[in-house]
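To keep things clear, I will list the structure first and then write my remarks on it.
Residue numbers (the working numbering): 241 to 464.
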């Protein structure tokens, strides 16, 4: 069983700790606020109140033996930095740190942290993308300018097959899979799996595609 630590139990840290625990991981949740620790104690294996900038306190909980530690402190960047440095000096195997701004990300990168979470920036980009293009239902940015998006089937390709559309050649995109309505057209979707050449695009289908930003934008414009 994988063992994880989550330091900082605000909304973000709490969500991560609960998600890890629900997926079978052994989680140690840490915060200096007793109320935060009390609120999560029934959802994780270990919930501990301590000052994470105190190396002795961390070592007392054997944090150095965990497979990974997420530093999710949000409001006090100085405390986040001090905690991260302590974990590095303790030679924790894997450290994932939170950055709320580009400046914070840059500082963490200078420290040598390679795994950095920026929830505010990522959520903001996703929300803006969905506001500008209402047909996009979800959005994930990838390195090197690639994106994965869920998009309603553009009107101009409804009823056509994947072979007819030739999405890779015409648009430079990869169709990962399709979420299709159940036969009774209720609100529930099911995953088609790996789409075949003869698979037809239905009006209520959601296409999950990957490609460069500009190519995705051109494909979205088929609704106009």
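By construction, the Cβ of each residue, glycine as well, lies at the ideal position given by its N, Cα and C atoms. Just so we're clear, the structure is a prediction, and the values are computed from it rather than from any experiment.
Exercise for the section: Taking residue 288 as the reference, give the member of 249, 261 and 445 with the closest Cα. Expected result: 249
Exercise for the section: Take residue 313 and list the residues in its own chain whose beta-carbon comes closer than 6 Å to its own, dropping the five residues that flank it on each side. Expected result: 248, 319 and 320
Handout entry: Under the three-state DSSP convention, the category residue 288 falls into
Key = strand
Practice task
Find the nearest neighbour of residue 322 within the set 419, 334 and 292, judged by alpha-carbon distance.
Solution key: 292
Exercise for the section: Specify, as a first and last residue, the run of the alpha helix (DSSP H) that residue 328 falls within. Expected result: 317 to 329
Practice task
Kindly list the residues whose CB is nearer than 8 Å to the CB of residue 265, restricted to its own chain and excluding five residues on each side of it in sequence; keep chain order.
Solution key: 241, 242, 243 and 244
Exercise for the section: Taking the CB atoms as reference points, tell me whether residue 351 and residue 324 lie closer together than 8 Å. Expected result: yes
Exercise for the section: For the alpha helix (DSSP H) containing residue 279, list its first residue and its last residue. Expected result: 274 to 280
Problem - Cβ separation of residue 405 and residue 435, assumed to be a contact under 8 Å, to the nearest whole Å - result: 10 Å between Cβ atoms; not a contact.
Handout entry: Endpoints, beta strand (DSSP E) assigned at residue 271
Key = 266 to 271
Exercise for the section: Determine the direct distance from the alpha carbon of residue 444 to that of residue 300, and round the result to whole angstroms. Expected result: 55 Å
Handout entry: Residue span of the alpha helix (DSSP H) that contains residue 332, given as start and end
Key = It is not in any alpha helix (DSSP H) - residue 332 carries neither H nor E in the DSSP assignment.
Handout entry: In DSSP terms, what residue 254 is bridged to
Key = Paired residue(s): none; residue 254 is not in a bridge.
Handout entry: Option in 277, 307 and 338 with minimal Cα separation from residue 317
Key = 338
Practice task
Could you check what DSSP says for residue 350 in three-state terms: helix, strand or coil?
Solution key: helix
Practice task
Have a look at 334, 354, 361 and 335 and flag the residue whose alpha-carbon is nearest the alpha-carbon of residue 342.
Solution key: 361
Handout entry: Neighbour-count burial assignment, residue 378, 16 or more Cβ in a 10 Å radius
Key = exposed
Problem - Backbone CA spacing between residue 296 and residue 262 [nearest angstrom] - result: 29 Å
Exercise for the section: Quick one: give me the first and last residue of the beta strand (DSSP E) that residue 462 is part of. Expected result: Where residue 462 is concerned, there is no enclosing beta strand (DSSP E), given that its DSSP letter is neither H nor E.
Practice task
Give the range of the beta strand (DSSP E) segment to which residue 447 is assigned.
Solution key: 446 to 452
Problem - Reduced DSSP category for residue 412 - H, G, I as helix; E, B as strand; rest coil - result: coil
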